[in-house]
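This report refers to the structure that appears directly beneath it.
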Amino acid sequence: MTLPTADTILIVDFGSQVTQLIARRVREAGVYCEIAPFNAAAEAFERLAPKGIILSGGPSSVMWDDSPRAPQHFFDLGLPILAICYGQQTMAQQLGGLVASSDGGKEFGRAYIDVVAPSALFEGLWSVGEKHQVWMSHGDRVERLPEGFAVVAQSEGAPYAIATDEARRFYSMMFHPEVVHTPDGGKLLARFAKEICGCSGEWTMGAYRDAKIADIRAQVGDGKVICGLSGGVDSAVAAVLIHEAIGEQLTCVYVDHGLMRAGETEQVVTLFRDSFNIPLVHVDVEELFLSGLAGVTDPEKKRKFIGATFIDVFDAEAKKLGGADFLAQGTLYPDVIESVSFTGGPSVTIKSHHNVGGLPETMKMKLVEPLRELFKDEVRVLGRELGLPEAFVARHPFPGPGLAIRIPGEVTKERCDILRKADAIYLEEIRNAGLYDAIWQAFAVLLPVRTVGVMGDARTYDSVCGLRAVTSVDGMTADVYPFEAAFLTRVATRIVNEVAGINRVVYDYTSKPPGTIEWE
Ligand code: XMP
Numbered sequence: 002m003t004l005p006t007a008d009t010i011l012i013v014d015f016g017s018q019v020t021q022l023i024a025r026r027v028r029e030a031g032v033y034c035e036i037a038p039f040n041a042a043a044e045a046f047e048r049l050a051p052k053g054i055i056l057s058g059g060p061s062s063v064m065w066d067d068s069p070r071a072p073q074h075f076f077d078l079g080l081p082i083l084a085i086c087y088g089q090q091t092m093a094q095q096l097g098g099l100v101a102s103s104d105g106g107k108e109f110g111r112a113y114i115d116v117v118a119p120s121a122l123f124e125g126l127w128s129v130g131e132k133h134q135v136w137m138s139h140g141d142r143v144e145r146l147p148e149g150f151a152v153v154a155q156s157e158g159a160p161y162a163i164a165t166d167e168a169r170r171f172y173s174m175m176f177h178p179e180v181v182h183t184p185d186g187g188k189l190l191a192r193f194a195k196e197i198c199g200c201s202g203e204w205t206m207g208a209y210r211d212a213k214i215a216d217i218r219a220q221v222g223d224g225k226v227i228c229g230l231s232g233g234v235d236s237a238v239a240a241v242l243i244h245e246a247i248g249e250q251l252t253c254v255y256v257d258h259g260l261m262r263a264g265e266t267e268q269v270v271t272l273f274r275d276s277f278n279i280p281l282v283h284v285d286v287e288e289l290f291l292s293g294l295a296g297v298t299d300p301e302k303k304r305k306f307i308g309a310t311f312i313d314v315f316d317a318e319a320k321k322l323g324g325a326d327f328l329a330q331g332t333l334y335p336d337v338i339e340s341v342s343f344t345g346g347p348s349v350t351i352k353s354h355h356n357v358g359g360l361p362e363t364m365k366m367k368l369v370e371p372l373r374e375l376f377k378d379e380v381r382v383l384g385r386e387l388g389l390p391e392a393f394v395a396r397h398p399f400p401g402p403g404l405a406i407r408i409p410g411e412v413t414k415e416r417c418d419i420l421r422k423a424d425a426i427y428l429e430e431i432r433n434a435g436l437y438d439a440i441w442q443a444f445a446v447l448l449p450v451r452t453v454g455v456m457g458d459a460r461t462y463d464s465v466c467g468l469r470a471v472t473s474v475d476g477m478t479a480d481v482y483p484f485e486a487a488f489l490t491r492v493a494t495r496i497v498n499e500v501a502g503i504n505r506v507v508y509d510y511t512s513k514p515p516g517t518i519e520w521e
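For the sequence shown, this note's numbering begins at 2 and goes up steadily by one.
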């Protein structure tokens, strides 16, 4: 892989829930960085040749026999190291200090630390005598610092809040600078990357784009690439980038299962064929999907049928095109990071997610995944850089199985059409109110419940429509969007008046957890 810049930082992951945030903060400072699990950090170091290293937090205790360690030679490289929480403890122990175990488990909380001595880490940002808010992690604690270290910030409960060895440029902290509850945390990480490690801070999406184009050309040569478009941002950005690299060697396939939102298919086809001039095969298989879904009400059965049928159609189209050497996918960084998991045990399948990732072995195509190093918001920046229209780039996520999982009970063409109309009204109102970008995802669902109503002088007996809107950072957790009552009333009135088949509207007030974002 061509690195997008010579100035990189390596983040060694010890399994903290928030390691990805360290990477995001460093990248926000214009410095390219990558995360590697502690046991693969030595190889990652060779590949990246970073100018500095960050040791993440993690759930382990250095008191355990097999606790994770940073590669010992990292401390002899002469490079700056920033160690956070668990990283601080393992660094202290690996350099000859002493760590004592705490009685309870780990706790986190807002704390105020006093700056007691100067440090290059916060020069020009914090001064001696000041107090600053941080998000403190209380678990095991350092009891005796390694030689060369001194305390530069502390609080009553955290005597080693920040301890540094200024000569060796080793900085360690008990708190999480990467989370928003440490208001100056982003600045501390930026100072570390730029002022201390000497990274230029000039990594841009333009540089990423150029590096990726070079990579794609080198990987693909004169081979043929096929890319499945889902209508979402990730596959669209991947396709436009690959097209810029290899032009007509790329063919996109859009499997139209008839479960898209109003106007979506037209948008995708127009955008790709007309604006970008990218060869696009539009496979209209609505009938195949709807007939297969007839009578199916179980959510997992719907998901499995749609996933498998999607793959069959894609496979058949690839064969019709005479095969291809490469399959392009919009895989993102969070899917790639080998997370360090200590939980063990089987995890429960909540939903079978459907992605093109499940393509059969027999297709035997090599993968082209040009977004593998990017976070979702960075993909949006790249999309803008590539000239994709804002309305497309800023779109809310939409699930692979489409409207099928927003119609609990049996999915029929009639019910899809009803839902499309209600959903379009809801989104139009959200856009008109200027709320679209403040919401992670908003959509309507059509319930398999009929209720009695009255329209004019007549009795109605029609379906209930549910409205959902959530805010979220990554879709893993979500909060309900607090619309004003007048807004919801307006939407409900319009839907009942304008959409035949719906006579009642309800708003979903469930956060995630315990709810999920989609209803099925
Ligand atoms: P849940 O419903 O699990 O959704 O809280 C979390 C996020 O994932 C999206 N989602 C999917 N995306 N294929 C996808 O590509 C799927 O099968 C799928 N199911 C849910 C959902 O819209 C939300 O953004």
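Note that CB positions come from ideal geometry on N, CA and C, so glycine has one too.
For clarity, every value in this text was computed on a predicted model and none was experimentally measured.
Distance between E245 and L146 (C-alpha atoms, nearest Å) = Between the alpha carbons of L146 and E245 lies a distance of about 53 angstroms.
Compute the distance between the beta-carbons of I419 and A319, then report whether it is under 9 angstroms.
-> Cβ atoms of I419 and A319: not closer than 9 angstroms.
Mind listing, in chain order, the continuous alpha helix (DSSP H) runs of no fewer than 4 residues lying wholly within the region 382–469?
-> Counting whole runs of 4 or more residues, the region 382–469 contains the alpha helix (DSSP H) stretches 391–394 and 414–433.
Apart from the five residues just before and just after G454, which ones in its own chain have a Cβ nearer than 8 angstroms to its Cβ?
-> Sequence-distant Cβ neighbours of G454 in its own chain, meaning closer than 8 angstroms and more than five residues away, are R460, T461, Y462, D463, V497, N504 and R505.
Is the region 435–450 touching the region 463–482 in the sense that three or more CB pairs, one from each, lie closer than 8 angstroms?
-> Below 8 angstroms, enough C-beta pairs join the region 463–482 and the region 435–450 to call them touching: three or more.
Please find out if some non-hydrogen atom of the ligand XMP comes closer than 8 angstroms to the beta-carbon of S353.
-> Flag set: Cβ of S353 near the ligand XMP.
Around the Cβ of V369, are there at least 16 other Cβ atoms within 10 angstroms (buried) or fewer (exposed)?
-> Buried.
9 angstroms Cβ cutoff met for Y161 and Q134 = No.
Just checking, does the region 228–247 make contact with the region 380–395 on the three C-beta pairs under 8 angstroms criterion?
-> Inter-segment contact for the region 228–247 and the region 380–395 is present: three or more beta-carbon pairs are separated by less than 8 angstroms.
Closest to E301 by CA distance: which of E519, T494 and K321 is it?
-> That would be E519, whose Cα lies nearest to the Cα of E301.
Note down, one range per segment and in chain order, each beta strand (DSSP E) of at least 3 residues found wholly within the region 32–86.
-> Taken in chain order, the complete beta strand (DSSP E) segments of 3 or more residues contained in the region 32–86 are 33–38, 53–56 and 82–85.
From the DSSP output, read off the bridge partner residues of L368.
-> Paired residue(s): L328.
Looking at T522 and the ligand XMP, is the gap between the Cβ and the nearest heavy atom below 8 angstroms?
-> Because residue 522 is not part of the residues shown, which for the chain are 2 to 521, the question remains open.
Mark T20 as exposed unless 16 or more other C-beta atoms lie within 10 angstroms of its C-beta, in which case mark it buried.
-> Counting Cβ neighbours within 10 Å, T20 comes out buried, since at least 16 surround it.
Heavy atom of the ligand XMP within 8 angstroms of Q18 beta-carbon | No heavy atom of the ligand XMP is found nearer than 8 angstroms to the CB of Q18.
Alpha carbon to alpha carbon, what distance is there between F15 and P347?
-> Note on P347: pLDDT 47, under 50, position unreliable in the model; the coordinate value appears next. A straight line joining the alpha-carbon of P347 with that of F15 spans about 21 angstroms.
Using only the heavy atoms of the ligand XMP, determine whether one of them is closer than 8 angstroms to the beta carbon of G476.
-> Flag set: Cβ of G476 near the ligand XMP.
If you drop the 5 nearest sequence neighbours on each side, which residues of the same chain put their C-beta closer than 6 angstroms to that of L83?
-> Excluding sequence neighbours, L83 sits near I55, Y172 and F193.
For R396, which residues of its own chain have a beta-carbon under 8 angstroms away from its beta-carbon, when the five flanking residues on both sides are left out?
-> Closer than 8 angstroms at Cβ, skipping near neighbours: G233 and V234.
Work out the CA separation of K321 and L260 for me, nearest whole Å.
-> If I take the Cα positions, the gap works out to 24 angstroms.
Evaluate the contact criterion for the region 58–66 versus the region 80–100: three or more CB pairs, one atom per stretch, below 8 angstroms.
-> Yes, the region 58–66 is in contact with the region 80–100.
Rounded distance between the beta-carbons of M137 and A118, thought under 8 angstroms = Taking the Cβ atoms as the reference, A118 lies roughly 19 angstroms from M137, outside the contact range of under 8 angstroms.
Find out if the Cβ-Cβ distance for the pair A71, A164 is shorter than 9 angstroms.
-> Not in contact: A71 and A164 (Cβ atoms no closer than 9 angstroms).
Residues bridged to K132 by DSSP?
-> Bridge partners of K132 according to DSSP: D115.
Answer yes or no: the CB of Q442 versus the heavy atoms of the ligand XMP, is any distance below 8 angstroms?
-> It does: the Cβ of Q442 is within 8 angstroms (strictly closer) of some heavy atom of the ligand XMP.
Is it the case that the CB of A479 approaches a heavy atom of the ligand XMP more closely than 8 angstroms?
-> It does: the Cβ of A479 is within 8 angstroms (strictly closer) of some heavy atom of the ligand XMP.
7 angstroms Cβ shell around K188 - same chain, five flanking residues per side excluded | Once the five neighbours on either side are set aside, the close Cβ partners of K188 are L126.
Can you give the Cα-Cα distance for M64 and E35, rounded to whole angstroms?
-> Between M64 and E35, the C-alpha separation is close to 28 angstroms.
For the alpha helix (DSSP H) containing A493, list its first residue and its last residue.
-> Taken as a continuous stretch (DSSP letters only), the alpha helix (DSSP H) holding A493 covers A486 to E499.
Spatial neighbours of R25 in its chain, beta-carbon cut-off 7 angstroms, leaving aside the 5 residues before and after | In chain order, F376 place their CB closer than 7 angstroms to the CB of R25, counting only its own chain and leaving out the 5 sequence neighbours on each side.
For M206, three-class secondary structure by DSSP = DSSP, reduced to helix, strand and coil, places M206 within a helical segment of the structure shown.
Would A154 count as contacting chain D if we go by Cβ distances under 9 angstroms?
-> The structure shown contains no chain D; it holds only a single protein chain.
Every unbroken beta strand (DSSP E) inside the region 136–186 [3 residues or more] = If we require 3 residues or more, the beta strand (DSSP E) runs fully inside the region 136–186 come out as 142–145, 151–155, 163–166 and 171–174.
Buried/exposed call for H258, threshold 16 Cβ in 10 Å = H258 is buried by the Cβ-count criterion.
Using the Cα positions of R169 and L80, report the straight-line distance between them to the nearest angstrom.
-> Roughly 8 angstroms between the two C-alpha positions.
8 angstroms CB neighbourhood of S353 in its chain, flanking five on each side removed = The residues are E301, R304, K305 and G308.
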